[in-house]
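First comes the structure, then the notes that go with it.
Residue numbers (the working numbering), protein chains in the order written: chain A, 1 to 63; chain B, 1001 to 1406.
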């Protein structure tokens, strides 16, 4: 992980995608295809958060 | 329960705070699931319409527990399994054959999705019978497989003795086991590896917990705990003290850090484990549990005043070449005295005198107990397709009722 120099940058991109998907989801109430697919994409984004954002958040990169 | 303990989410701000939370046992889940909303009860932590999949425990220790999962939980399950499969060498070039029943039990469902996620080609061997599965492995040159140790040995037996196919000449080069402790028992692992000419890797998980540990390619005589997804504590069996130091056995209390629909928080798994004192040479920083799951606190029983683990008997029986894979242990009482009967099978052309001394000696050495041993012809004892029931304690009052509920 120490060799992965731009983890903060990757995390920023993950959070941006998440924000966009959350916005899509709010617009999806009468659009089933948008609703189901943004929900599934958000579940995948959660796995990116567990693998990357949690490490950045907990400041474990250099520990 | 948490109100009674005076614990709120605001009280939890670091790992140490988790110890303030009361433990949960499987029997409590059974009680909770009699309440609303049907069928999960009030441990359900998301709206019922968010639940996307149902699984249940196998009922090995009593009435099954239902497990709801959201889609995100299911992504999490396959992410946990992705850690396992990558560590065991699964790569996109692998063709993975999964010979299990694809039913209400979680078993290898998440292994299936994780293999897909890694980019492997997955062949679901669902409703095929054992012979058809072996033929399909042969036809497709499958390179990897996932099954219980009982079924891995059963498939090898059927291939060799009913079909005239040597499984070690098939293309399987790695097998991931789950559901039973066999892949962590050296003699059982060796039998499987010899039969298939493949590496056999252990993994431990549970429906109500998740896939929490795995053996890596270094096979360090232990399993890594996935500490990105789980928080594991080890509790002294007698005092309840939390054990921090390595090489001291206790009972695992586990928290799944990201499970949503029915969270797993300080679950008393009854698995007996101990931390290894050494890191793994693979370079992973996830800690190792030495020897994998050593046993279950509720499996380890006292016979004639001596603690007995069924895994210790399995290790002895399967370390003797002249004995078959199958065996059965029956504990009962004559008057006030405990008795243990061990039924074993002699391999074809093997005579009783050639194995009985070594079997008696090894049992005495490894378990400190004497046995009444019965020898049977090869193929006489029951065969199992998924999980085996080889240990029967007839001293337990509810033994027959419990067996009936399985």
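The beta carbon of each residue, even a glycine, is placed where N, CA and C say it ideally should be.
query: Below-7 angstroms beta-carbon distance, residue 1069 (chain B) vs any chain A residue; result: no
query: Identity of the residues DSSP links to residue 19 (chain A) by a beta bridge; result: Answer is none; residue 19 (chain A) lacks a bridge partner.
query: Best match in B:1042, B:1260 and B:1288 for proximity to residue 1050 (chain B) [C-alpha to C-alpha]; result: B:1260
query: Interface residues of chain B facing residue 50 (chain A) [CB-CB closer than 9 angstroms]; result: 1076, 1079, 1228, 1229, 1257 and 1258
query: Beta-carbon contacts of residue 1228 (chain B) that lie in its chain and below 6 angstroms, excluding the five residues immediately before and after; result: none
query: With 16 other Cβ atoms within 10 Å as the buried cut-off, status of residue 1069 (chain B); result: buried
query: Presumed contact (8 angstroms Cβ cut-off) between residue 1274 (chain B) and residue 1251 (chain B), rounded CB distance; result: At roughly 11 angstroms, the Cβ-Cβ gap does not stay under 8 angstroms, so residue 1274 (chain B) and residue 1251 (chain B) are not in contact.
query: Where the alpha helix (DSSP H) through residue 34 (chain A) begins and ends; result: 32-48
query: Limits of the alpha helix (DSSP H) - the one that residue 1299 (chain B) falls within; result: First-last for residue 1299 (chain B): undefined, no H or E at that position.
query: Residue 1230 (chain B) (DSSP reduced to helix, strand or coil); result: strand
query: Cα-Cα separation between residue 1406 (chain B) and residue 1386 (chain B), rounded to whole angstroms; result: Because the pLDDT at residue 1406 (chain B) is just 22, under 50, the model does not fix this residue reliably, and the point stays unresolved.
query: Buried versus exposed, by CB contacts within 10 Å (16 or more), residue 1440 (chain B); result: A question about residue 1440 (chain B) goes unanswered here, because the residues of chain B that appear run from 1001 up to 1406.
query: Per-residue contacts from residue 44 (chain A) into chain B (C-beta, under 8 angstroms); result: 1075
query: Nearest residue (CA-CA) to residue 1004 (chain B), options B:1359, B:1022 and B:1016; result: B:1022
query: Members of the region 1324-1356 of chain B near chain A, C-beta cut-off 8 angstroms; result: none
query: Alpha-carbon to alpha-carbon, residue 1272 (chain B) and residue 1394 (chain B); result: 23 angstroms
query: CB-CB length for residue 1122 (chain B) against residue 1116 (chain B), believed under 8 angstroms; result: 5 angstroms
query: Residue 1038 (chain B), DSSP secondary structure in three states; result: coil
query: Span separating the alpha-carbon of residue 1376 (chain B) from that of residue 1052 (chain B); result: 48 angstroms
query: Under 7 angstroms from the C-beta of residue 1131 (chain B): neighbouring residues of chain A; result: The premise fails here: residue 1131 (chain B) is roughly 38 angstroms from chain A at the closest Cβ pair, so nothing lies under 7 angstroms.
query: For residue 1237 (chain B) and residue 1370 (chain B), the rounded distance between their alpha carbons; result: 26 angstroms
query: Endpoints, alpha helix (DSSP H) assigned at residue 1188 (chain B); result: 1186-1196
query: Integer-rounded CB distance, given that residue 1256 (chain B) should sit under 8 angstroms from residue 1209 (chain B); result: 6 angstroms
query: Any 3 or more C-beta pairs closer than 8 angstroms across the region 1159-1173 of chain B and the region 1200-1215 of chain B; result: no
query: Min CB distance residue 1072 (chain B) to chain A below 7 angstroms; result: yes
query: Under the three-state DSSP convention, the category residue 1106 (chain B) falls into; result: coil
query: Three-state secondary structure (DSSP) of residue 1239 (chain B); result: coil
query: Interface residues of chain B facing residue 39 (chain A) [CB-CB closer than 9 angstroms]; result: 1071 and 1072
query: Residue of B:1258, B:1336, B:1247 and B:1366 minimising C-alpha distance to residue 1293 (chain B); result: B:1247
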